[in-house]
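K.L.:
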Amino acid sequence: MKNTQSVGLFGNLSVRWKFLLAAGGSLIITASALMVSFLYASDQAQQLVRRQTENNLKQSAEQYINELANQQSLKMQGFFDGSFDRADMLVKNIVSLKENTDQGLVDSDSLRPLLNQIIKKTVSDHSEMLGLYVVSETEALDNSDVYYVNSEEAASNEVGRFAPYWARSSDGSVELEVLVEEDINDTELDETNTPFNEWYACSIRNQNACVLNPYLDTVGNEEILMTSLTLPIVSKGQLVGMLGVDFGLNKIQTLITEADQNMFSGHGQVLLLSHGGFIVGYDVDQSLVGTHLSEASITGSDSLLSWLSQPTYSVNWEDNGETLRAKIPVQLSANAQPWGLVFDVPRKDVMQQALELEKTLNQANRESVTNIFLIGIFITITVLILNALVASKLVSPIRVVSRSLEDIAGGEGDLTRRLAVNSNDEIGALASGFNQFVSKLQGIVAQISTSVAGAKLNAEEASSISQRTNQGMQQQFTEIDLVASASAQLASTAQEVANSASQAVNSAKEANDAAEQGKVVIDSTTHAMESLVAEVSAAVPIADNLAQNSENITSILVVIESIAEQTNLLALNAAIEAARAGDQGRGFAVVADEVRTLAGRTQDSISEIREVINQLKTGTNEVVVAVQKGNENAQQTAEQVNNTVTVLEQIITHIVSIDEISNRISEAAMEQRGVAEELSHNVTNIRDVSQAVSQEADSSARVSQELSNSMSELQSLVQQFKVE
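Taking my numbering, the leading residue of the sequence shown gets 815, the next gets one more, and so forth.
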């Protein structure tokens, strides 16, 4: 029998292809694993190089920006230190002159003019100074304020306070302005909540050096960003006044621009902030210079404002590691509140070398992967070709065995052929096993051929016997089937007779019951008729009495009518007499008239009663006649009822006889039905057994025929093999 079980796609392939697929799959998996391992190792190495490079570059960038920030901080400190040194030297000169004046070494009248000339000369000699001013405290310089009120020569204001302000004009010359008390004492707050007189009050209040927040001021036609450096003037522990120097911050912006150009080719950002948060210098947008940091869109402005309250040196990566920020406090003087210098460098610029190296590594990695991929494909194809050649060589002997087996399976096999055994490997073992199998199969097929010939003769004889047996059983089954049908019909007839007899018994019982009930009803009717006859007989004299009473009522009415007529006459006579009596008899006349009327109504009633009595008499006579006739009819009916009772008694007697006969018929029919059913059951069993035997005989004949056919087919199949 051919194996039809599904073997799948792989099962339909030849051994050669299975070998090639297995070898090729293993080779591809191995090559893929090696390539994946190489890619993973390459990626890990690349990431390691990138991380190490990034760390090195970050450290280098931090060191570089640290050095650059320190350099720029020192430059800016140097810028402020020069102004501070000159201002401090001038303060010392003022203190020295005051003390010499106090000691009498200098004429007090020449102190203020001398100081005024020194201040003017200092501004004139130093072009970076935009202005220089001194404000003395009241009566603190020479105790002579009262003598110098509004003295322009002595540079004193309206209260005698020494308050010169030498400012540089647009042409470079210096001009004097005496500061008035309104400006000196103006404590109103500006938009930054700073008093307007902070230029004066800061050093006086703190008795220390102050650097004001930068501000824009117009010098000539040019708007310049400037600030003021103020110092207190103290002599022998006593506050004498203050000195302030105005200087422009344009050089600061130049330093900021130079620092930006020196930092990663100008890709960074440099920002200088005052202690109050004002932008002193910004290389990205110079238009923001002079504005408060909160008004500018600069990353991390809030944190910078917080840092300015207590500035410390720091270099950190901010903005999620995308920006390297260095924050350095710039100490403007020994005691002044420091400003803040901020350097920002984007990560992409800091890591430019790392990114370029990563790009180079990625390119080299892609080229390596491409080369390895091409080499892997070449090696895989070469190995697959070699495997195909080896597989063909190995599978060739198997194909010979396969074709021989196909010849045997196809029925045209020559069992006398043998395969040559040329090797001792698995292929040689397969050929040797095939030869042994064919030799054994040759002997088996020869024996089967001999056995099949004898089995075929036996099968043909058994088939002939089975066919004859089947024909006899078919005839027997037909005859038994007829007997079974007759038995079934007999049982059915007996059943119908029994049913009819049972119905006759039931009908006789019902007729007997009906006759008994009729007899009872007739007996009741007889008694009722006898009672009716008696009652009708009793009603005859009553009707006669009623007629007699009607006659008596008529006599009474005649008497009443006579009385009414007499009463009417009497009333008429009384009326006549009353008429004769006139008015005296009028009342009697009315009574007589009423009596006459009553007598008339009585006569009318008597007439009506007479009519009723006449009708009653007529009805009474009719009743008497009807009662008499009913009495006669009742007597006749009573006689007929008695005759009916006699007939019913005879019917009951006959019905009882019919009932007894019907019972005997029913019992006989029931016995006949039982015998017929038992006979039918037995015949049915015989029929079923006969049918089963007939079917078995038929099956036996069919199996014998199939066996004979199979032997013929087997003989033809065996004859296909060559065994000699």
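Note that the Cβ used here is the ideal one computed from N, Cα and C, for glycine as well.
All of these numbers come straight from a predicted model, not from anything done at the bench.
Quick check on DSSP: helix, strand or coil for K816?
P.N.:
Since pLDDT at K816 reaches only 46, below the 50 mark, its modelled position is unreliable, and the value read off the structure follows with that caveat. Three-state result, K816: coil.
K.L.:
In chain order, what residues of the same chain have a beta carbon less than 8 Å from the beta carbon of L1003, not counting five sequence neighbours either side?
P.N.:
P1009 and F1010
K.L.:
Name the DSSP bridge partner or partners of I932?
P.N.:
Its beta-bridge partners do not exist; DSSP assigns none.
K.L.:
So if DSSP puts K1141 in a beta bridge, which residue, or which two residues, is it bridged to?
P.N.:
S1128 and V1156
K.L.:
If you reduce the DSSP assignment to three classes, tell me which class F802 lands in.
P.N.:
The shown model of the chain, from 815 to 1538, leaves out residue 802, and the question about it has no answer.
K.L.:
Could you give the C-beta distance for L944 and I933, rounded to a whole number, given that I count them as a contact under 8 Å?
P.N.:
About 14 Å separates the beta carbons of L944 and I933, which is beyond the 8 Å limit, so they are not a contact pair.
K.L.:
Taking three-plus beta-carbon pairs below 8 Å as touching, is the region 1085-1093 in contact with the region 1101-1116?
P.N.:
yes
K.L.:
Can you give the Cα-Cα distance for I1018 and E951, rounded to whole angstroms?
P.N.:
9 Å
K.L.:
Between K816 and Q1303, what straight-line distance do the alpha-carbon atoms span, to the nearest angstrom?
P.N.:
Confidence in K816 is poor, its pLDDT being 46 and thus under 50, which makes the residue's placement too unreliable to answer from.
K.L.:
How should H1089 be labelled, buried or exposed, when 16 other C-beta atoms within 10 angstroms of its C-beta is the threshold for buried?
P.N.:
Buried, since its Cβ has 16 or more Cβ neighbours within 10 Å.
K.L.:
Quick check: the Cα distance between T818 and I1193, rounded to an integer number of angstroms?
P.N.:
Residue confidence is low: T818 scores 49 on pLDDT, short of 50, so the model does not pin down where it sits. Its coordinate-derived value is still stated next. Rounded to the nearest angstrom, the two C-alpha atoms are 41 Å apart.
K.L.:
Which residues share a DSSP beta bridge with V1033?
P.N.:
E1036
K.L.:
Exposed or buried, N1359, counting other C-beta atoms within 10 Å across all chains shown (16 or more means buried)?
P.N.:
exposed
K.L.:
At the level of alpha carbons, what is the spacing between D899 and Q1177?
P.N.:
59 Å
K.L.:
At what residue ranges does the region 978-1057 contain a whole run of the alpha helix (DSSP H), taking only runs of 4 or more?
P.N.:
995-998 and 1012-1020
K.L.:
Below 8 Å, can you find three or more Cβ-Cβ pairs linking the region 1110-1124 to the region 1180-1198?
P.N.:
no
K.L.:
If you run the structure through DSSP and keep just helix, strand and coil, what is I1112?
P.N.:
coil
K.L.:
Starting from G945, follow the beta strand (DSSP E) in both directions and report where the run begins and ends.
P.N.:
M943 to S950
K.L.:
Looking at C-alpha atoms only, which residue of Q1417, S1351 and I1367 is the closest neighbour of Y1381?
P.N.:
Here the sequence assigns Thr to residue 1381, which means Tyr is not the residue at that position. Shortest Cα-Cα distance from T1381 to any of Q1417, S1351 and I1367 involves Q1417.
K.L.:
Tell me the rounded alpha-carbon separation between E1408 and L1384.
P.N.:
12 Å
K.L.:
Return the Cβ separation of A954 and L1045 in integer angstroms, given the expectation that the two are a contact with Cβ distance under 8 Å.
P.N.:
Wrong, their Cβ atoms sit about 15 Å apart, outside the cutoff.
K.L.:
Which one or two residues does DSSP pair with Q1083 in a beta bridge?
P.N.:
Per DSSP, D1158.
K.L.:
Using the Cα positions of Q1505 and I1465, report the straight-line distance between them to the nearest angstrom.
P.N.:
57 Å
K.L.:
Going by the DSSP bridge assignment, what does S1060 pair with across the sheet?
P.N.:
The sequence shown places Asp at residue 1060, rather than the Ser named in the question. According to DSSP, which records beta bridges pairwise, D1060 is partnered with G945 and S1042.
K.L.:
Alpha carbon to alpha carbon, how far is L1043 from Y1014?
P.N.:
10 Å
K.L.:
Determine the extent of the beta strand (DSSP E) in which G918 is found, giving its start and end residues.
P.N.:
G918 -> no beta strand (DSSP E), and no H or E assigned at all.
K.L.:
From V909 to N957, what distance separates their C-alpha atoms?
P.N.:
15 Å
K.L.:
Along the beta strand (DSSP E) that carries Y1096, what are the first and last residues, could you check?
P.N.:
I1093 to Y1096
K.L.:
Please report the distance separating the alpha-carbon of K935 from that of L904.
P.N.:
11 Å
K.L.:
Please state whether the Cβ-Cβ distance between L1039 and N1007 is less than 9 Å.
P.N.:
No. Outside cutoff.
K.L.:
Please report how far the alpha carbon of E1446 lies from the alpha carbon of V1334, in whole angstroms.
P.N.:
When rounded, the distance between both Cα atoms is 25 Å.
K.L.:
How many angstroms separate the CA atom of G839 from the CA atom of A855?
P.N.:
24 Å
K.L.:
May I ask you to report which of helix, strand or coil DSSP gives S1088?
P.N.:
Here S1088 sits in coil by DSSP.
K.L.:
Based on Cα-Cα distance, which residue from V937, Q931 and V994 lies nearest to N964?
P.N.:
V994
K.L.:
Taking only three categories from DSSP, how would you classify Q1509?
P.N.:
Looking at Q1509 - three-state DSSP - the assignment turns out to be helix.
K.L.:
Between the beta-carbon of V1129 and the beta-carbon of N880, is there less than 9 Å?
P.N.:
Yes, they are a contact pair.
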